[in-house]
Amino acid sequence: MKATPVKGTRDYLPKEVMIRDHLQEIIRETYQEAGFERITTPIIEDAVNLDKSEGGENLNLIFKILKRGKKLSSALEAEAPTEQTLADMGLRYDLTLPLSRYYANNRNDLMNPFKVIQMDRVYRAERPQKGRLREFMQCDID
Numbered sequence: 015m016k017a018t019p020v021k022g023t024r025d026y027l028p029k030e031v032m033i034r035d036h037l038q039e040i041i042r043e044t045y046q047e048a049g050f051e052r053i054t055t056p057i058i059e060d061a062v063n064l065d066k067s068e069g070g071e072n073l074n075l076i077f078k079i080l081k082r083g084k085k086l087s088s089a090l091e092a093e094a095p096t097e098q099t100l101a102d103m104g105l106r107y108d109l110t111l112p113l114s115r116y117y118a119n120n121r122n123d124l125m126n127p128f129k130v131i132q133m134d135r136v137y138r139a140e141r142p143q144k145g146r147l148r149e150f151m152q153c154d155i156d
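First residue of the sequence shown: 15, per the working numbering; consecutive thereafter.
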């Protein structure tokens, strides 16, 4: 077994987790007192949604998830399989696209004005550099 985490990710010691949890709780409480509600969205999104986002650089950020079973077999049998034909889902690379999908799907049941806070992990398939990880926590307040 390889003892180190995948490049661009890291393990957090209990003290680091405790500090992060405390800071997140302060942020959540502050915004909830101002009328913001907390939401969560899945880390997996439909590849069609991810590919249609802002395009350009963002397309390079997507960790794509291969189709499975018969869908994958069919895609592999195609003349020239591509990333787009082999993958049908991907990991979210920020919280904005999932928020847009969430709002479109739930708009009739949401408060007005729509004030939300999200704090969750996101994943970027870019080359890790100093200060830039492939997995990290993001906070969106909209």
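Glycine is no exception: its CB is placed at the ideal position from the N, C-alpha and C atoms. Fair warning: this is a prediction, and the values are worked out from it, not measured in the lab.
Residue i versus residue j: straight-line alpha-carbon distance, rounded
i, j, result
"E91", "L80", "14 Å"
"E71", "A89", "25 Å"
"K29", "D35", "10 Å"
"E51", "I40", "14 Å"
"R146", "G22", "7 Å"
"K85", "P127", "42 Å"
"K16", "R24", "13 Å"
8 Å contact criterion, which residue i and residue j should meet: CB distance rounded
i, j, result
"P142", "R148", "6 Å"
Limits of the unbroken beta strand (DSSP E) element including residue i
i, result
"D134", "V130 to Y137"
"L80", "F77 to L80"
"L90", "Per DSSP, L90 belongs to no beta strand (DSSP E); it is in the alpha helix (DSSP H), G83 to E91."
"Q46", "No beta strand (DSSP E) contains Q46, which is instead part of the alpha helix (DSSP H) from P28 to E47."
Residue interval of the alpha helix (DSSP H) (run including residue i)
i, result
"M125", "Run containing M125: none; DSSP gives neither H nor E here."
When the Cβ atoms of the segment 100–108 are set against those of the segment 68–87, are three or more pairs found closer than 8 Å? yes
Sufficient close CB pairs (3 or more, under 8 Å) joining the segment 114–128 to the segment 93–101: no
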